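Down below is the structure, laid out as structure tokens.
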Amino acid sequence: MKAAVLQSKGVLTLTDVPAPAPVGDRSVLVRVGGVGVCGSDVLRYGRGKAYHYPLVLGHEFSAVVEEAPEGSRFRPGDRAAVFPLLPDPADPMTQIGEYALSSGYDYYGSRRDGAMAEFLQVPEANLVPVARDVPLVHAAMVEPAAVALHAMLKFRLPAHATALVIGAGPIGALAAQWLRILGAGEVYVADVDERKRAVMAGLGFPVIDASAADTVDAVRELTGGRGVDCAVEASGLPATLIQAITAAAPLGQVMLLGDLSGDLTLPQALVSSVLRRELRLYGTWNSRITPAGRSEWDMVVHHLGRDLKVAPLISHTPSLEEAPAMFADMLERRTWYNKVVFAVADQAQTELIRPGVVGGVA
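As structure tokens, this is what we get:
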């Protein structure tokens with residue numbers, strides 16, 4: 001089968017690899033539908049952040065079942081989103097359903113070969129059913145949407161809450177939508193990128209041009225000087241984390257969603273204001289697939305295509321054959337992009353060419 005293999009730093013080749021071996025309990029052979037590119041994939045590709053070489057990237061993906069074990073709830077042709085983490089059953093955190101907080105887990109696309117390939121074997125427990133009318137490139141967005149949901153569920157939203165999301169990339173855009181779905185009264189989105197702001201404005205969010213005005217000043221003006229109840233840092237920059245903390249109202253909450261790109265020193269006066277405003281700062285990591293049937297992943301699938309819109313966030317849908325060129329362009333910023341989702345399976349490519357075949361791609 002074909003796979004896009006990261007051979008070394010900055011060297012990605014499309015090559016033939018052996019068929020995947022069964023994984024874990026009740027392994028299911030799946031055909032990869034769509035696979036999204038995470039910022040961590042770009043770092044592994046171009047910044048030497050891979051655990052090992054060679055490596056097949058890809059942890060945000062959808063799939064079509066090819067072969068399932070006897071008695072499975074899945075049948076050939078069924079669609080699914082795939083939870084990429086393989087927990088260590090012996091870890092105490094695994095035993096309470098906190099797979100991502102365990103220390104001995106495995107992971108598709110980072111610690112083991114991932115989904116930038118035609119086929120993969122995955123444990124049945126890692127599959128979350130997706131309706132047939134959900135396009136495969138959209139279903140590949142379930143993983144980042146679940147990461148954003150996991151973070152937003154940590155907030156205790158007061159009545160008619162105000163919120164700020166700094167960073168209108170895919171995760172920030174998904175976080176803003178979840179805040180609105182969960183009941184926030186007003187969600188402001190700040191970014192320096194005009195095209196990303198346009199996407200968010202198209203989704204009905206008031207946007208702040210962070211390249212033309214100070215985000216904190218803009219928020220204070222919009223909120224009558226009070227600040228926001230919930231502030232989300234989704235850019236991964238030290239300066240924007242300081243902005244998120246500064247923009248929070250008394251008794252406000254701040255979410256550290258972006259993975260910081262550098263060290264951060266908090267001024268003494270800012271720390272003092274955190275104390276005096278009695279702010280709450282949250283860390284977040286990954287998402288939860290437990291309890292089965294009522295997890296964050298199930299919630300994402302329920303809202304996908306209804307009030308959770310992923311199509312406007314997807315800027316590129318290349319084929320797997322285009323992966324080497326696409327990654328090089330992303331690393332060198334030779335092209336503007338928002339969310340890149342590879343259409344791997346023939347069905348995924350057909351849905352792009354002929355919208356409406358199985359739900360269409362808006």
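For the sequence shown, our numbering gives the first residue as 1, with consecutive numbering after it. Think of the CB as a built atom: it goes at the ideal place given N, C-alpha and C, for glycine as much as any other residue. Note that the coordinates shown come from a computational prediction; the quantities given were computed from them, not determined experimentally.
Cβ separation of residue i and residue j, assumed to be a contact under 8 Å, to the nearest whole Å
{"i": "Phe61", "j": "Val23", "result": "Wrong, their Cβ atoms sit about 14 Å apart, outside the cutoff."}
{"i": "Asn286", "j": "Val65", "result": "Going by Cβ atoms, the distance from Asn286 to Val65 rounds to 24 Å, so no, they are not a contact pair."}
{"i": "Arg31", "j": "Phe155", "result": "No, Arg31 and Phe155 are not in contact; Cβ-Cβ is about 38 Å, not under 8 Å."}
{"i": "Ala125", "j": "Val56", "result": "About 22 Å; that fails the 8 Å criterion."}
{"i": "Pro129", "j": "Gly202", "result": "Actually they are not in contact, since the Cβ atoms of Pro129 and Gly202 sit about 30 Å apart, beyond 8 Å."}
{"i": "Pro89", "j": "Tyr105", "result": "Between Tyr105 and Pro89 the Cβ distance is about 10 Å, and since that is not below 8 Å, they are no contact."}
{"i": "Pro84", "j": "Tyr99", "result": "The pair is not a contact, with the Cβ atoms about 11 Å apart (cut-off 8 Å)."}
{"i": "Glu322", "j": "Leu136", "result": "Not a contact, Cβ separation roughly 17 Å."}
{"i": "Leu14", "j": "Leu279", "result": "At roughly 48 Å, the Cβ-Cβ gap does not stay under 8 Å, so Leu14 and Leu279 are not in contact."}
{"i": "Phe342", "j": "Met1", "result": "The pair is not a contact, with the Cβ atoms about 15 Å apart (cut-off 8 Å)."}
{"i": "Leu281", "j": "Ser261", "result": "Between Ser261 and Leu281 the Cβ distance is about 18 Å, and since that is not below 8 Å, they are no contact."}
{"i": "Ile181", "j": "Asp307", "result": "5 Å"}
CA nearest to the CA of residue i, picked from the options
{"i": "Met141", "options": "Leu352, Val17, Lys309, Arg197", "result": "Lys309"}
{"i": "His138", "options": "Thr246, Leu6, His303, Phe327", "result": "His303"}
{"i": "Arg283", "options": "Trp336, Leu257, Val300, Thr94", "result": "Note on identity: in this sequence residue 283 is Gly, with Arg being the wrong assignment. When only C-alpha atoms are compared, the closest one is Leu257."}
{"i": "Phe205", "options": "Val11, Asp214, Gly305, Ala184", "result": "Ala184"}
{"i": "Val122", "options": "Gly225, Ala21, Leu43", "result": "Ala21"}
{"i": "Val11", "options": "Asp25, Glu124, Ser27, Leu43", "result": "Leu43"}
{"i": "Ile353", "options": "Tyr107, Pro318, Leu279, Asp329", "result": "Pro318"}
{"i": "Leu174", "options": "Ala159, Met152, Glu186", "result": "Met152"}
{"i": "Phe327", "options": "Val28, Met1, Val37", "result": "Val37"}
{"i": "Asp91", "options": "Glu67, Ser102, Leu85", "result": "Ser102"}
{"i": "Ala145", "options": "Glu118, Val82, Gly33", "result": "Val82"}
{"i": "Leu6", "options": "Ala325, Lys339, Glu332", "result": "Ala325"}
{"i": "Ser27", "options": "Gly33, Glu70, Pro89", "result": "Glu70"}
{"i": "Met330", "options": "Asp25, Tyr45, Lys2, Asp307", "result": "Tyr45"}
{"i": "Met200", "options": "Pro170, Asn126, Val341, Leu14", "result": "Pro170"}
{"i": "Lys339", "options": "Glu351, Leu182, His316", "result": "His316"}
{"i": "Arg288", "options": "Glu233, Thr15, Asp298", "result": "Asp298"}
{"i": "Val134", "options": "Arg277, Asp78, Ile181", "result": "Asp78"}
{"i": "Gln177", "options": "Leu127, Val232, Pro89", "result": "Val232"}
{"i": "Asp259", "options": "Asp16, Asp25, Ser40", "result": "Ser40"}
{"i": "Glu332", "options": "Ala19, Gln347, Arg47, Asp25", "result": "Arg47"}
{"i": "Ser211", "options": "Arg197, Glu296, Lys9, Ala234", "result": "Arg197"}
{"i": "Ser272", "options": "Ala292, Pro250, Val17, Asp217", "result": "Pro250"}
{"i": "Leu149", "options": "Gly172, Ala131, Ala239", "result": "Gly172"}
{"i": "Asp346", "options": "Ala63, Leu241, Gly293", "result": "Ala63"}
{"i": "Leu222", "options": "Ile208, Glu194, Ser235", "result": "Ile208"}
{"i": "Arg348", "options": "Val17, Gly33, Asp25, Lys9", "result": "In the sequence under discussion, the amino acid at residue 348 is Ala, which differs from the Arg named in the question. Checking every option, the nearest Cα to that of Ala348 belongs to Gly33."}
{"i": "Gly305", "options": "Ser8, Arg132, Ala239, Leu127", "result": "Arg132"}
Per-residue DSSP class, three states only, for residue i
{"i": "Ala176", "result": "helix"}
{"i": "Phe205", "result": "coil"}
{"i": "Ser273", "result": "helix"}
{"i": "Trp327", "result": "First, the amino acid is wrong: residue 327 is Phe here, not Trp. Correct three-state label for Phe327: helix."}
{"i": "Ser315", "result": "strand"}
{"i": "Ser8", "result": "strand"}
{"i": "Ile245", "result": "helix"}
{"i": "Pro69", "result": "coil"}
{"i": "Thr13", "result": "strand"}
{"i": "Gly356", "result": "Caution applies to Gly356, whose pLDDT of 47 falls short of 50 and renders its modelled position unreliable; the value that the coordinates give is listed next. Gly356 falls in the coil class under three-state DSSP."}
{"i": "Val42", "result": "helix"}
{"i": "Leu120", "result": "strand"}
{"i": "Glu332", "result": "helix"}
{"i": "Pro20", "result": "coil"}
{"i": "Ala362", "result": "In this prediction, Ala362 has a pLDDT of 40, which is less than 50 and means its spatial position is unreliable; what the coordinates show is noted afterwards. Correct three-state label for Ala362: coil."}
{"i": "Asp193", "result": "coil"}
{"i": "Glu98", "result": "coil"}
{"i": "Ala140", "result": "coil"}
{"i": "Pro170", "result": "helix"}
{"i": "Asp214", "result": "coil"}
{"i": "Pro54", "result": "coil"}
{"i": "Ala231", "result": "strand"}
Cβ of residue i within 8 Å of any chain B Cβ
{"i": "Lys154", "result": "Although the question refers to chain B, the structure presented lacks it and comprises just one protein chain."}
For residue i, the residue or residues it bridges with in DSSP
{"i": "Phe342", "result": "Val35"}
{"i": "Tyr282", "result": "Met255"}
{"i": "Asp106", "result": "Leu86"}
{"i": "Thr290", "result": "BP columns for Thr290 are empty, so no partner."}
{"i": "Phe61", "result": "Val35, Val82"}
{"i": "Arg27", "result": "A small correction: the amino acid at residue 27 is Ser; Arg does not occupy that position in the sequence shown. Note: Ser27 sits in a beta bridge opposite Pro123."}
{"i": "Gly162", "result": "For clarity, residue 162 is Thr in the given sequence; the question names Gly instead. Bridge partners of Thr162: Glu186."}
{"i": "Val219", "result": "Looking at the DSSP assignment, Val219 forms no beta bridge with any residue, so it has no partner."}
{"i": "Lys2", "result": "Asp16"}
{"i": "Leu308", "result": "Leu304"}
{"i": "Glu321", "result": "The partner list for Glu321 (beta bridge, DSSP) is empty, contrary to what the question assumes."}
{"i": "Pro129", "result": "Ala80"}
{"i": "Arg112", "result": "Tyr108"}
Residue i CB to nearest heavy atom of the ligand NAD below 7 Å
{"i": "Arg73", "result": "Ligands in the displayed structure: none, and consequently the ligand NAD is not present."}
ask   = So does the segment 187-206 actually touch the segment 153-171, counting three or more Cβ pairs closer than 8 Å?
value = yes
query = Does the segment 88-105 touch the segment 257-274, meaning 3 or more C-beta pairs lie closer than 8 Å?
reply = no
inquiry  = With a threshold of 8 Å, are at least 3 pairs of Cβ atoms found where one atom belongs to the segment 104-116 and the other to the segment 52-61?
reply    = yes
Meets three-Cβ-pair contact criterion under 8 Å: the segment 218-232 and the segment 240-251 = yes
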